[in-house]
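Accompanying notes for the structure given below.
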Amino acid sequence: MSFMYEFKNVFGTDVKTVWKRFYKGCMVFKAMMEGKDTASVKMPVRLQIEVTDRCNFDCIMCNRGARDTINRTLNSDINKDDFLPIAETINPFYITLNGLGEPLLNKEIGAIIAVCRERNITTNMPCNLSLAKVLNTQIVQCPPNIITFSVHGASKEVFNTISRNAQFDACMAALRDFMAHRNKKQTEVRILCALQAKNLLEYKNMYALLKDLNLLDDFYLLPVYDYGFDADESRRIIPTDEEKETAIEQIEKDISLCTDEKEKLFYFRWKTTIGQIKQNSAAIEKKSGKPCLIPWYSTYIAANGNVMPCCYLTDEYYVMGNVLQQSFDQIWNNSQYRNFRKMLRENRKDLHGCNYCYMDDSSRIKKYGFLFRNISMWKS
Ligand SMILES: C[S@@+](CC[C@H](N)C(=O)[O-])C[C@H]1O[C@@H](n2cnc3c(N)ncnc32)[C@H](O)[C@@H]1O
Ligand code: SF4
Ligand code: SF4
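Structure below.
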C-alpha cells in the first residue's frame, strides 16, 4: 500500500478532516508522552469494538468462554443505533470491529461498516469465513478497509480440527467468492493463522492455498497464545518439544529441496514461528517495569457496552464504565480510568493482566520523549 493510500486512510481526504485529525493526533500524542493520569480530552484515536460476543465456531485456542468475571452470557450485540453515538463521540481514526465473537453474526454489520465509511474511519475486521451469504452480499458491497480471514488450516482435516463446528468446503468457497467479487481499491484482504500443535505441518498446504489466491504477501502467521487452560489431547494447542523438533527437521528438508525462493522464505518463516510458540508460564517474560501507552490512545468496548483499557483485558477485571449507560466522554477520564493509568505507570507489576503482558513502549518513549522531557511522567 502506498504512502498516499495510508495517509488518506488515517487522515481522510478533505482539508477540514485532515486538519482536525492532525490536531487530535498531536494532542493525543502529547498526552501519551506526558503520561499523566488524565489522557487527552480529544479521546482515543483508535477503538476496538466487539460488535458481538456470539460465535458459531469453537476454536480450540480461543478464550471467549473463559472470561473470569462479570459477563459470561456471551449473547450480546452492538447494533447500529448503539454504535453510531459511540463512533460520533469518540470519532477515532481507526476501528477494529471484533472482540471475542464472530462479527459476521451481527445482523447490522454492513450498516456499522457503512457508518465508518461515511466518516472516513479506517476499519479492520477479522472474521471466520462462515456465513457466506453475509460475506458475499453485505460485506462485499460495503467492506471494511482491511478484512482479515482467520484460516488455521489449509486442508479440511486440520481446518476443522482447530475450528470446531466449521465447514471447510463452505468456508473456502466463501473465500474464493469474496476474492472474485471484492473491489481491490476498497478493501485489503489478509489471512491470519495461529500456529499451534495441530497445524505445525500445514506449511505446504497453506503455501499452495495462498499462492492460488494470490495472497502470499498478505499472510500473517502468529505463534498461538496460550491462555493456560487445561485441555484434553483433542484441544491441546502447545506442541511438545518432540513435535516441534520433528516439524523443524521436516521443514529444513523441504527447504533444501525447494527451488523457489519465495517458497523457501515462506517455509523459513514457518520454522521461525514454531520456535516462538511458548507454554503459558514461559510465554511472556515479565514486562512489569516497562511503559505501555495503549490506555492513552486506544480503548476497547465489549458487546455488553463495558469499556476496558485494551483487548487483552477482556476478562473484565478492569471495567471503566459502560457506553450503553453513559457517554464515552464521561468514561475516558473518569476516576477508574485515571486510577488505571496511574497504576499502569507506577505499579504495573500489581495489575492483573498487565503484569504478564508483552507490551513495551520503551523505545517509543526513548525516541520521542526528549520533546517532552520537562513535563513527562514516564521515567526515561
Ligand atoms: C478472537 S478472534 C475474533 C474474530 C473472529 N471470530 C475470527 O476468528 O477471526 C480474533 C483473532 O484472534 C485469533 N485467536 C484466537 N485465539 C487465539 C490464540 N489463542 N492465539 C492466537 N490467536 C488467536 C483468531 O484466530 C482470530 O484471528
Ligand atoms: S471464530 Fe473467532 S471468536 Fe469464534 S471461536 Fe474461533 S477464534 Fe474464537
Ligand atoms: S500492559 Fe498490556 S494488558 Fe495492560 S493496558 Fe497495556 S496492552 Fe493492555
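Residue numbering for the sequence shown follows the working numbering, beginning at 715 and increasing consecutively.
A virtual CB, placed ideally from N, CA and C, is assigned to each residue, including glycine.
DSSP places TYR808 within a strand segment (E or B) once states are collapsed to three. Distance from the CA of ASP795 to the CA of ILE823, rounded to the nearest whole angstrom, comes to 12 Å. In chain order, CYS1024 place their CB closer than 6 Å to the CB of ILE1008, counting only its own chain and leaving out the 5 sequence neighbours on each side. Take the alpha-carbon of GLN855 and the one of GLN762: they are about 22 Å apart.
Of all C-beta pairs linking the region 1050 to 1067 to the region 747 to 759, three or more are shorter than 8 Å, placing the two stretches in contact. Shown here, TYR1014 sits in a strand according to DSSP, grouped into three states. Judged by the Cβ position, LEU906 qualifies as a neighbour of ligand 1 at the 6 Å threshold, a heavy atom of the ligand being closer than this.
For GLU902, the enclosing beta strand (DSSP E) has its first and last residue at 902 to 909. Applying a distance threshold of 7 Å between residue Cβ atoms and the heavy atoms of ligand 3 selects CYS1006, ILE1008, PRO1009, PRO1023, CYS1024, TYR1026, LEU1027, LEU1058, ARG1062, LEU1065, GLY1067, CYS1068, CYS1071 and MET1073, given in chain order. By the neighbour-count criterion, in which a residue is buried when 16 or more other Cβ atoms sit within 10 angstroms of its Cβ, HIS866 is buried. Between the alpha carbons of ILE905 and LYS847 lies a gap of roughly 19 Å.
Taken in chain order, the complete beta strand (DSSP E) segments of 3 residues or longer contained in the region 927 to 955 are 933 to 937.
Short note on ASN879: C-beta not closer than 6 Å to any heavy atom of ligand 2. A residue is listed when its beta-carbon falls short of 7 Å from at least one non-hydrogen atom of ligand 2; in chain order these are CYS769, PHE771, ASP772, CYS773, CYS776, ARG778, LEU814, GLY815, GLU816, ASN842, SER864 and SER877. With fewer than three CB-CB distances shorter than 8 Å, the region 942 to 958 does not count as touching the region 889 to 903. For the region 728 to 807, the continuous alpha helix (DSSP H) assignments of 4+ residues that do not extend past its boundaries occur at 729 to 748 and 794 to 804, in sequence order. In terms of Cα proximity to SER864, the closest of ASN838, SER970 and THR731 is ASN838.
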